[in-house]
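These notes concern the structure reproduced below.
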Amino acid sequence: MARKLPDRVAVYPGSFDPITNGHLDLIQRGSRLFDRLIVSILRNERKEPLFTVEERMDMLREVVHVYPNVEVDSFDGLLVEHAAAHSATALVRGIRAISDYEYELQMALMNRRLRPDIETVFMMANEAYSFISSRLVKEVFSLGGNISGLVPPSVEARMRSRFKSRSRGA
Ligand code: PNS
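Heads up: the sequence shown is residues 260 to 429, going by our numbering.
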């Protein structure tokens, strides 16, 4: 009788402020590699975010519901402890360009030192999205530039209303 293998669980961590089409592409491809993919938002972020963690979780849920094995979560503290608490054996990170590599390698080696049983899996970003970052999307949008095709339409709508309420001083 075939032995039932344990589920392969991975965590895809990040700020996702907001989720871009680059993130979404990685989620779609990652969902094919693992039995469960948990997209997890860091809570104790030092940067001033545009969207609250709850808003970012809502935005993520709106776009990942089409992938039945993808879940959305958030975490405080060490990423590897959050991953271990979910029995994850892998951390997924995207690499857009060689400039991402140094920081990502540093994090991957630190995480390996903390939890050698959790592997970091790097996925190359789709070349169509390799120039996109949440930071640039926010900057371009705040200066009136066109961001269609860079973020999901639902995220663009949320950004429009967020910047509108900001410009009204809300
Ligand atoms: O999308 P980002 O902002 O580059 O994500 C960075 C993130 C959330 C992956 C990283 O800051 C992180 O893992 N923070 C949790 C704290 C932690 O575990 N630090 C040690 C890892 S080197």
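Just so it is clear, CB atoms sit at the ideal spot from N, CA and C, and this is done for glycine as well.
Put simply, of Asp-266, Asn-405, Met-318 and Arg-302 the residue whose alpha carbon is nearest the alpha carbon of Gly-273 is Arg-302.
Taking every protein chain shown into account, the CB of Thr-311 has fewer than 16 other CB atoms within 10 angstroms, so this residue is exposed. If you draw a straight line from the Cα of Leu-283 to the Cα of Met-382, it is about 12 Å long.
With a cutoff of 7 Å on beta-carbon distance, Asn-328 and Ser-290 are scored as near each other. Tyr-271 is bridged by DSSP to Val-298. Taking Glu-330 as the centre and dropping the five residues before and after it, the same chain places the C-beta of Ile-297 closer than 6 Å to its C-beta, in chain order. Leu-337 has its CB nearer than 6 Å to a heavy atom of ligand 1. In the DSSP assignment, Arg-421 falls within the alpha helix (DSSP H) that extends over 412 to 426. With a threshold of 6 Å, the Cβ atom of Ser-274 counts as near ligand 1, since some heavy atom of the ligand is closer than that. Residue pairing for Gly-353: DSSP places it in a beta bridge opposite Met-382.
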